[in-house]
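Enquirer:
There are 2 protein chains.
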Amino acid sequence: MVQLLSDAEITERLNQLSGWHREGNKIQCTRELKDFPEAVNFVNKLVEPAESAGHHPDLEISYNQVTINLTSHGVGGLTENDFNMAKTISEIS
Amino acid sequence: MVQLLSDAEITERLNQLSGWHREGNKIQCTRELKDFPEAVNFVNKLVEPAESAGHHPDLEISYNQVTINLTSHGVGGLTENDFNMAKTISEIS
Numbered sequence: 001m002v003q004l005l006s007d008a009e010i011t012e013r014l015n016q017l018s019g020w021h022r023e024g025n026k027i028q029c030t031r032e033l034k035d036f037p038e039a040v041n042f043v044n045k046l047v048e049p050a051e052s053a054g055h056h057p058d059l060e061i062s063y064n065q066v067t068i069n070l071t072s073h074g075v076g077g078l079t080e081n082d083f084n085m086a087k088t089i090s091e092i093s
Numbered sequence: 094m095v096q097l098l099s100d101a102e103i104t105e106r107l108n109q110l111s112g113w114h115r116e117g118n119k120i121q122c123t124r125e126l127k128d129f130p131e132a133v134n135f136v137n138k139l140v141e142p143a144e145s146a147g148h149h150p151d152l153e154i155s156y157n158q159v160t161i162n163l164t165s166h167g168v169g170g171l172t173e174n175d176f177n178m179a180k181t182i183s184e185i186s
């Protein structure tokens with residue numbers, strides 16, 4: 001089982017990511033798209049990487065904004081899996 | 094501009110819908126799908142009706158669950174538009 005990261009490890013990994021911040025046991029990023037169809041189109045691009053990793057972001061769509069929350073539900077906090085997925089998502093345009 | 098509905102009108106319309114409840118200024122419904130790809134697939138089916146109506150649900154996707162929130166942001170509450178969209182969404186399988 002993948003291990004929970006310490007606060008120091010979380011801060012270190014957040015510093016290597018752009019656009020993500022911590023919200024308690026989660027890391028969060030908001031992407032702004034052109035409109036609602038483009039927001040849903042962006043969400044479509046998350047399916048394959050999430051399924052491949054077996055790690056699924058929680059998503060909120062509000063018109064042209066997609067808010068992505070990552071946490072490792074199984075262990076109740078943040079793990080390397082969350083930061084790997086955050087990095088993957090950050091590379092999706 | 095479409096008018097805000099009264100509490101009595103909201104209750105009457107909710108009684109005609111299955112699976113929706115009121116949350117303050119919104120009406121909410123949660124759909125449970127098979128898995129994450131199916132949840133995203135369901136969200137795709139909302140794009141065309143939302144665009145056609147010019148009325149966009151706020152959505153939350155958590156693995157296989159999609160929570161749909163409807164409100165009329167422009168007038169700060171619930172209108173006929175929300176119930177029309179709720180009915181349309183309820184007919185999507």
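Read top to bottom, the protein sequences are chains A and B. Take 1 as the starting number for the first sequence in the working numbering and just add one per residue. Take 94 as the starting number for the second sequence in the working numbering and just add one per residue. Yeah, the Cβ is synthetic: ideal placement off N, Cα and C, and Gly gets one too.
(1) Quick one: grab the DSSP three-state call for A:N25.
(2) In the structure shown, what three-state DSSP assignment does B:G170 receive?
(3) On the criterion of 16 or more Cβ atoms from any shown chain inside 10 Å, does A:A50 qualify as buried, or is it exposed?
(4) For B:V159, name the three-state secondary structure that DSSP assigns.
(5) Could you tell me whether any Cβ in chain B is nearer than 8 Å to the Cβ of A:H56?
(6) Give the residues from the stretch 30-45 of chain A that approach chain B closer than 8 Å (Cβ to any Cβ), ordered along the chain.
(7) Considering just the uninterrupted stretch of the alpha helix (DSSP H) at A:L14, what are its terminal residues?
(8) Would you say B:A146 reaches chain A, if we count a Cβ-Cβ gap shorter than 8 Å as a contact?
(9) Taking the alpha carbon of B:D151 as the reference point, which residue from B:E184, B:V140, B:F129 has its own alpha carbon closest?
(10) Helix, strand or coil for B:T164? Go by DSSP, reduced to three states.
(11) Along chain A, in chain order, which residues have C-beta atoms closer than 9 Å to that of B:L163?
Expert: On the basis of the coordinates in this document:
(1) coil
(2) strand
(3) buried
(4) strand
(5) yes
(6) F36, P37, V40, V43, N44
(7) 7-15
(8) no
(9) B:V140
(10) coil
(11) Per Cβ cutoff of 9 Å: no residues; B:L163 is ~12 Å from chain A at best.
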